[in-house]
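Novice: Here the protein sequences come in this chain order: A and B. Taking the UniProt record's numbering, the leading residue of the first sequence gets 1, the next gets one more, and so forth. Taking the UniProt record's numbering, the leading residue of the second sequence gets 1, the next gets one more, and so forth. The structure follows.
2 protein chains.
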Amino acid sequence: MPKPAPATYFEVFNEIAIIEQLSRTLLEARLPDGLIAPHFTVLNHLIRLGDGRALIDMARAFQVPKTSMTHTIKVLVAHELVEVRPNPEDGRSKLVWLTDKGRAVRHQAIADLAPDFERLARGFDTARLLEALPVLRDLRIYLDEDRNSAEWPQSGTSNAASAR
Amino acid sequence: MPKPAPATYFEVFNEIAIIEQLSRTLLEARLPDGLIAPHFTVLNHLIRLGDGRALIDMARAFQVPKTSMTHTIKVLVAHELVEVRPNPEDGRSKLVWLTDKGRAVRHQAIADLAPDFERLARGFDTARLLEALPVLRDLRIYLDEDRNSAEWPQSGTSNAASAR
DNA sequence: GTGATATGGTACGATTTCGTACTTTCTATA
DNA sequence: TATAGAAAGTACGAAATCGTACCATATCAC
């Protein structure tokens with residue numbers, strides 16, 4: 001097989017960027033007013049992996065600067081969707097816990113997305129999506145690990161990483 | 001084949017969102033100071049599809065509000081990477097043209113990304129990427145068209161769409 | 001043609017994102 | 001233990017994103 005041209009890789013990431021933009025806009029349309037995708041993503045993360053996570057760990061998981069995560073958490077606290085408490089095992093860090101309201105909002109958002117997924121299932125061959133999932137997962141894992149490798153240009157304080 | 005659970009679709013978009021985040025960070029590390037991904041994306045768009053595009057058309061292509069595109073273009077103008085001129089066929093609109101410097105910056109950025117793509121080719125089975133490309137392309141096309149369909153929640157002034 | 005409506009773009013303010021600098025706490029090494 | 005360095009979080013300011021309101025121009029109905 002001939003080596004693919006760089007433009008081909010580029011197209012893959014370009015398509016991914018467009019899909020991310022479209023799906024994010026759709027998600028945000030299903031969220032309560034004042035909540036945007038990063039807020040929901042944090043709620044979802046805390047439910048899927050369990051709450052009581054440190055702020056810094058979530059910043060790493062989402063590959064955002066810790067200052068950005070501080071702001072995101074602050075908004076979630078203002079909406080009473082999470083609570084922040086000190087980490088008893090490390091005086092520097094704080095742990096983030098879901099409130100009942102936070103769980104409910106996440107649950108409702110997923111329920112409100114159901115019609116969109118159903119429409120997708122009607123209009124798109126979902127078998128192809130499932131085929132692509134392992135590739136996407138492995139690509140994400142590769143990029144995540146590669147980020148920690150030597151050749152990555154480290155940018156300020158947003159470094160380090162781990163699987164989401 | 002059993003119908004996939006919504007969580008499976010969700011995972012696909014979640015992986016895509018993470019990949020977008022990681023690849024965007026990498027791209028921005030290769031751009032000149034002061035330029036971020038949206039700036040490059042506009043340059044790339046103008047080269048791939050030809051310049052002299054209307055601002056509103058680019059906003060639609062990227063699914064961003066026209067106010068966001070106005071700002072992006074303003075930065076590109078400040079960097080002398082594009083020029084904005086009136087549309088002789090429509091007194092309301094403006095057309096965006098690349099400068100030589102704009103073409104050069106885009107060309108250089110792609111050249112600077114080459115080592116990253118080569119590293120990717122060494123560490124990841126690129127055949128799998130190429131297999132996924134048609135699915136991603138079709139999914140993007142579907143979502144783009146679906147956005148214009150009835151069931152989409154229209155959001156403010158960022159409406160309408162067309163292929164990038 | 002004239003008026004009503006739609007469209008392209010901008011002004012403005014609110015929110016988000018993020019880099020830098022700093023404080024506090026932990027860890028490692030002597 | 002003492003102390004230097006690393007790590008977690010925040011304060012702050014700059015830039016980006018985006019919604020609302022508004023102006024100028026175009027299009028449509030009559």
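Cβ atoms here follow ideal geometry from the backbone N, Cα and C, with glycine treated the same way.
Per the DSSP calculation, residue 87(A) is bridged to which residue(s)?
Specialist: DSSP lists 90(A) as partners of residue 87(A).
Novice: Which bits of chain B does residue 165(A) rub up against, with CB to CB less than 9 angstroms?
Specialist: The displayed coordinates of chain A run from 1 to 164. Any statement about residue 165(A) would go beyond what the structure contains.
Novice: Between the alpha carbons of residue 47(A) and residue 98(A), how many angstroms are there, rounded?
Specialist: Roughly 8 angstroms between the two C-alpha positions.
Novice: Can you tell which of 92(B), 132(B), 53(B) and 122(B) has the C-alpha that lies nearest to the C-alpha of residue 8(A)?
Specialist: Among 92(B), 132(B), 53(B) and 122(B), the Cα nearest to that of residue 8(A) is on 132(B).
Novice: Under DSSP, the alpha helix (DSSP H) around residue 75(B) begins and ends at which residues?
Specialist: Unbroken alpha helix (DSSP H) run through residue 75(B): 66-78.
Novice: Between residue 62(B) and the ligand GTP, is the CB less than 7 angstroms from at least one heavy atom?
Specialist: In the structure on display, the ligand GTP does not appear, and there are no ligands present to speak of.
Novice: Note down the Cα distance separating residue 104(A) from residue 51(A), rounded to an integer number of angstroms.
Specialist: Computed Cα separation, rounded: 14 angstroms.
Novice: Output, in sequence order along the chain, the residues in the region 122-147 of chain A whose CB is closer than 9 angstroms to any CB in chain B.
Specialist: Taking 9 angstroms as the Cβ-Cβ cut-off against chain B, the residues of the region 122-147 of chain A that qualify are 123, 124, 125, 126, 127, 128, 129, 130, 131, 132, 133, 134, 135, 136, 137, 138, 139, 140, 142, 143, 144, 145, 146 and 147.
Novice: Among 144(A), 53(A) and 26(A), which has the Cα closest to the Cα of residue 93(A)?
Specialist: Here the closest residue by C-alpha is 53(A).
Novice: Below 8 angstroms, how does it come out for the region 18-35 of chain B and the region 12-24 of chain A: are there three or more Cβ pairs, yes or no?
Specialist: Short answer: they touch.
Novice: Quick check: the Cα distance between residue 77(A) and residue 100(B), rounded to an integer number of angstroms?
Specialist: Distance between the alpha carbons of residue 77(A) and residue 100(B) is about 49 angstroms.
Novice: Under a three-way DSSP split, which group does residue 31(B) fall into?
Specialist: If DSSP states are grouped into helix, strand and coil, residue 31(B) belongs with coil.
Novice: Okay, do the region 109-118 of chain A and the region 109-116 of chain B touch, 3+ Cβ pairs below 8 angstroms being the bar?
Specialist: Contact fails: fewer than three Cβ-Cβ distances are below 8 angstroms.
Novice: With a CB to CB cut of under 7 angstroms and the five nearest residues on each side skipped, what residues in its chain are close to residue 31(A)?
Specialist: Taken in chain order, the residues that qualify are 40 and 109.
Novice: Show which residues of chain B have a CB atom less than 8 angstroms away from the CB atom of residue 16(A).
Specialist: Here the neighbours are 16, 19, 20, 23 and 136.
Novice: Any C-beta of chain B within less than 9 angstroms: which residues of the region 104-116 of chain A qualify?
Specialist: Hits within the stretch, in order: 110, 113, 114, 115 and 116.
Novice: One question on the structure: do residue 19(A) and residue 140(B) come within less than 8 angstroms of each other, judged by their Cβ atoms?
Specialist: Cβ distance < 8 angstroms, so residue 19(A) and residue 140(B) count as in contact.
Novice: Helix, strand or coil for residue 136(A) per DSSP?
Specialist: Correct three-state label for residue 136(A): helix.
Novice: To which residues does DSSP link residue 53(A) through a beta bridge?
Specialist: 96(A).
Novice: Rounded to whole angstroms, what's the CA-CA distance from residue 81(A) to residue 63(A)? Just pull it up for me.
Specialist: Roughly 22 angstroms between the two C-alpha positions.
Novice: List the residues of chain A whose Cβ lies closer than 9 angstroms to the Cβ of residue 42(B), in chain order.
Specialist: Residues of chain A passing the Cβ test: none, with the nearest at roughly 13 angstroms.
Novice: Just the Cα atoms here: how many angstroms apart are residue 42(A) and residue 68(B)?
Specialist: Approximately 25 angstroms, taken between the alpha carbons.
Novice: With distance defined between alpha-carbon atoms, name the residue in 70(A), 75(A), 143(A) and 33(A) nearest to residue 124(B).
Specialist: Looking at the Cα atoms, 143(A) is the closest of the given residues.
Novice: Whole angstroms is fine: what's the gap from residue 37(A)'s alpha carbon to residue 84(B)'s?
Specialist: Approximately 33 angstroms, taken between the alpha carbons.
Novice: Can the beta-carbon of residue 96(A) be found less than 8 angstroms from the beta-carbon of residue 35(A)?
Specialist: Contact: no.
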